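> Have a look at this one before I ask anything.
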């Protein structure tokens, strides 16, 4: 039986009772006969130091309420060995923070990364109190957050192997996803996962490294917002008295057009292959220079380059399966915080779809820099399209409605969300990104290549087995 240990709150900050580590569950790790992982379950919640009114109901914004956003996004954040380091002492806001080398020093006051993160999460909930609440839907189609203060589900786990033993969590994963993120049973956590704003797990390894496994509800925060919350945890873990970015709920400042979301699409039955690609920074710089020469000095981003390469190669690889004369589509989401003039610190969904469509023959026959120009033009239109939607000038059309056929590919950019900047006092992560792709939708994740690599990584689940080899060959052509 797992113990759920309550935590208690008193002014001016959250104080935790120690987690009871008896009766822990031992899980076998694949490919390592002697490796085990032990989990201790509990939850962090607030009480007197709540910054918001207890039991207040906070309505969600139009995009927050979108049917496809009512679910948990799972990610892993991998930190290297810290056995030779101590967490920094508390620092005043604005002080320089650094890790302290202490090979000779021994202290009983040194806390484990799990304890550091656990305490900082509890402190962060004072500022981000909606994360300690629950999602309810008293009115069909209009979910909201009730600030109950019941807490965030938190798990401490310990593996008896090093990060190197599990290849630093490179794909294919040598640990099951369920071992890296909280997956409580109803007996451990009687709350339906889709009604939880967040769940967190910290897994420590014998080398001193650790992995933060995160499940955040897309209805409460988009990727930028979830990263903002984790950065606040890092700020407090390093000794700051307040998060550097003040959280802003303000969902009433987000547009609420009288547009009914389209019906949930039917997902195709696709068996998609999983392939990872690393694009060196030198390769990306070369293509950016070619684009500048092609356009007379215009600039583009590394994201523009890699998704244009992706779109070209994928279209060529699936040509035999594409109906004659059909269009192929590329879709990704852009942050529109600046377009809608949302207050700095807003952590709700502030995204808008960027859709690019062209005949398959044209995409397949274009160079990468020509497709970059097409992508850039679609991005240029986002502001006007977003404002048109916000002001209800779409004729009732839902711009978030998607088609999930094989001719469409969806890209999610994790490279600039802020997860790579989260520092709990042990340095920034060597890698941070989603744990899985959906194998039913042709999708691609763009993220920073894990340290010490310098460049961009693509995690692609966008072609079937019959097209995988040709797609991979073309994607890797020219990479050095």
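Numbering (UniProt numbering), first residue to last: 1 to 480. Yeah, the Cβ is synthetic: ideal placement off N, Cα and C, and Gly gets one too. Please read these numbers as outputs of a predicted model, since none were measured by experiment.
According to DSSP, is residue 322 helix, strand or coil?
Position 322 of the chain shown, counted from the first residue, corresponds to residue 322. The answer is coil: DSSP assigns residue 322 none of H, G, I, E or B.
> DSSP on residue 24, reduced to helix/strand/coil?
Counting from one through the chain shown, the residue named residue 24 turns up at place 24. Here residue 24 scores only 30 on pLDDT, less than 50, and its place in the model should not be relied on; the value that follows carries that caveat. Residue 24 falls in the coil class under three-state DSSP.
> Under DSSP, the alpha helix (DSSP H) around residue 116 begins and ends at which residues?
As a first step, residue 116 is located in the chain shown; it is residue number 116 there, counting from the start. Unbroken alpha helix (DSSP H) run through residue 116: 113-127.
> If contact is defined by three or more beta carbon pairs under 8 Å, each pair taking one atom from either stretch, is the stretch 408-421 in contact with the stretch 433-448?
Enough Cβ pairs lie closer than 8 Å, so yes.
> Pick out whichever of 339, 134 and 39 has its Cα sitting closest to the Cα of residue 179.
Translated into the one-based positions of the chain shown, residue 179 becomes position 179. Ranking the options by Cα distance to residue 179, first place goes to 39.
> Whose CA, out of 148, 150, 123 and 113, lies closest to the CA of residue 157?
In the chain shown, the residue the question calls residue 157 occupies position 157. If we check each option's Cα against that of residue 157, 113 comes out closest.
> Please list the terminal residues of the continuous beta strand (DSSP E) segment that includes residue 433.
Counted from its first residue, the chain shown places residue 433 at position 433. Where residue 433 is concerned, the enclosing beta strand (DSSP E) stretches over 431-434.
> Buried or exposed: which applies to residue 315, given that a residue is buried once 16 or more other Cβ atoms fall within 10 Å of its Cβ?
For the purposes of this step, residue 315 is taken as residue 315 along the chain shown, with counting starting at 1. Per the 10 Å Cβ criterion, buried.
> In angstroms with no decimal places, state the Cα-to-Cα distance between residue 286 and residue 454.
As a working mapping, residue 286 is identified with position 286 in the chain shown. As a working mapping, residue 454 is identified with position 454 in the chain shown. Their Cα atoms are separated by approximately 14 Å.
> Can you grab the Cα-Cα spacing for the pair residue 116 / residue 424, in whole Å?
Position 116 of the chain shown, counted from the start, is the residue given in the question as residue 116. Position 424 of the chain shown, counted from the start, is the residue given in the question as residue 424. Approximately 8 Å between the Cα atoms of the pair.
> Given residue 329, which residues of its chain have a CB within under 8 Å of its CB, disregarding the five upstream and five downstream residues?
Counting from one through the chain shown, the residue named residue 329 turns up at place 329. Contacts found: 355, 356, 357, 403, 407, 408 and 409.
> What ranges does the beta strand (DSSP E) occupy inside the stretch 135-213, keeping only unbroken runs of at least 3 residues that lie completely in it?
Complete beta strand (DSSP E) runs here, min 3: 142-146, 152-159 and 198-204.
> If we cut at 9 Å on Cβ distances, does residue 205 have a partner in chain B?
The chain labelled as chain B is not found in the depicted structure, where only one protein chain is given.
> Count Cβ pairs between the stretch 166-173 and the stretch 119-135 that sit closer than 8 Å; are there 3 or more?
Not touching, per the Cβ criterion.
> Using the Cα positions of residue 21 and residue 155, report the straight-line distance between them to the nearest angstrom.
As a working note, residue 21 is residue 21 in the chain shown. As a working note, residue 155 is residue 155 in the chain shown. Bear in mind that a pLDDT of 26 at residue 21, under 50, signals an unreliable position, so the model cannot answer this.
> Along the chain, where does the alpha helix (DSSP H) containing residue 77 start, and where does it finish?
Taking the chain shown and counting its residues from 1, one reaches residue 77 at position 77. Residue 77 -> not in any alpha helix (DSSP H); beta strand (DSSP E) instead, spanning 72-79.
> Please state whether DSSP places residue 343 in a helix, a strand or coil.
Looking up residue 343 in the chain shown gives position 343. Residue state, collapsed to three classes: coil.
> How would you label residue 439, buried or exposed, when you count the other beta carbons within 10 angstroms and need 16 or more for buried?
In the chain shown, residue 439 corresponds to position 439, counting from 1. It is exposed - the Cβ of residue 439 has fewer than 16 other Cβ atoms within 10 Å.
> Starting from residue 299, follow the beta strand (DSSP E) in both directions and report where the run begins and ends.
On the chain shown, residue 299 is found 299 positions in, with the first residue counted as 1. From DSSP, residue 299 is part of no beta strand (DSSP E); its letter is neither H nor E.
> Which first and last residues belong to the alpha helix (DSSP H) in which residue 410 is found?
Sequence index remark: in the chain shown, residue 410 carries index 410 (1-based). Where residue 410 is concerned, there is no enclosing alpha helix (DSSP H), although the beta strand (DSSP E) it sits in stretches over 408-413.
> Check whether the Cβ atoms of residue 73 and residue 226 lie closer than 9 Å to each other.
For the purposes of this step, residue 73 is taken as residue 73 along the chain shown, with counting starting at 1. For the purposes of this step, residue 226 is taken as residue 226 along the chain shown, with counting starting at 1. For residue 73 and residue 226, yes; Cβs fall inside 9 Å.
> How is the alpha helix (DSSP H) around residue 235 delimited, first residue to last?
Counted from its first residue, the chain shown places residue 235 at position 235. Element bounds for residue 235: 223-237.
> What is the DSSP secondary structure of residue 461, counted as helix, strand or coil?
Against the chain shown, residue 461 aligns to sequence position 461. DSSP places residue 461 in strand when its eight states are reduced to three.
> Which residue wins for smallest C-alpha separation from residue 211, given the options 388, 435 and 382?
Here residue 211 is taken as the residue at index 211 of the chain shown, counted from 1. Taking only the C-alpha atoms, the option nearest residue 211 is 435.
> Grouping DSSP H, G and I as helix and E and B as strand, with all else coil, what is residue 352?
Here residue 352 refers to the residue found at position 352 when the chain shown is read from its first residue. Three-state result, residue 352: strand.
> Drop a sphere of 10 angstroms on the beta-carbon of residue 299, count the other beta-carbons inside from all chains shown, and report buried for 16 or more, exposed for fewer.
For the purposes of this step, residue 299 is taken as the residue at position 299 of the chain shown. The residue is exposed, with fewer than 16 neighbouring Cβ atoms inside 10 Å.
> Using CA atoms only, rank isn't needed, just tell me which of 428, 184 and 249 is closest to residue 448.
By one-based count along the chain shown, residue 448 stands at place 448. When each option's Cα is compared against that of residue 448, the closest is 428.
> Quick one: is residue 309 buried, meaning 16 or more other Cβ sit within 10 Å of its Cβ, or exposed?
One-based indexing of the chain shown puts residue 309 at position 309. Label assigned to residue 309: buried.
> Any idea what DSSP makes of residue 369, helix, strand or coil?
Here residue 369 corresponds to residue number 369 of the chain shown, with the count starting at 1. Three-state DSSP puts residue 369 in a helix.
> Please identify the residue among 70, 477 and 133 whose C-alpha is closest to the C-alpha of residue 313.
The residue you call residue 313 lines up with position 313 of the chain shown. Nearest of 70, 477 and 133 to residue 313, Cα basis: 477.
> Going by DSSP in three states, residue 66 sits in which element: helix, strand or coil?
Within the chain shown, numbered from 1, the residue matching residue 66 stands at position 66. In this structure, residue 66 counts as coil in the three-state DSSP scheme.
> With distance defined between alpha-carbon atoms, name the residue in 374, 340, 318 and 134 nearest to residue 256.
In the chain shown, residue 256 corresponds to position 256, counting from 1. With distances taken between Cα atoms, residue 256 lies closest to 340.
> Contact between the stretch 159-169 and the stretch 132-151 is defined here as three or more beta-carbon pairs at a separation below 8 Å; is this criterion met?
Contact fails: fewer than three Cβ-Cβ distances are below 8 Å.
> Can you tell me the Cβ-Cβ gap for residue 268 and residue 405, rounded? I've got them flagged as a contact below 8 Å.
Your numbering for residue 268 matches position 268 in the chain shown. Your numbering for residue 405 matches position 405 in the chain shown. The Cβ separation is near 6 Å, so the contact holds.
> Just list the residues that DSSP pairs residue 275 with in beta bridges.
By 1-based counting over the chain shown, the position of residue 275 is 275. Paired residues: 460.
> Between residue 245 and residue 197, what straight-line distance do the alpha-carbon atoms span, to the nearest angstrom?
One-based indexing of the chain shown puts residue 245 at position 245. One-based indexing of the chain shown puts residue 197 at position 197. Whole-angstrom Cα-Cα distance: 20 Å.
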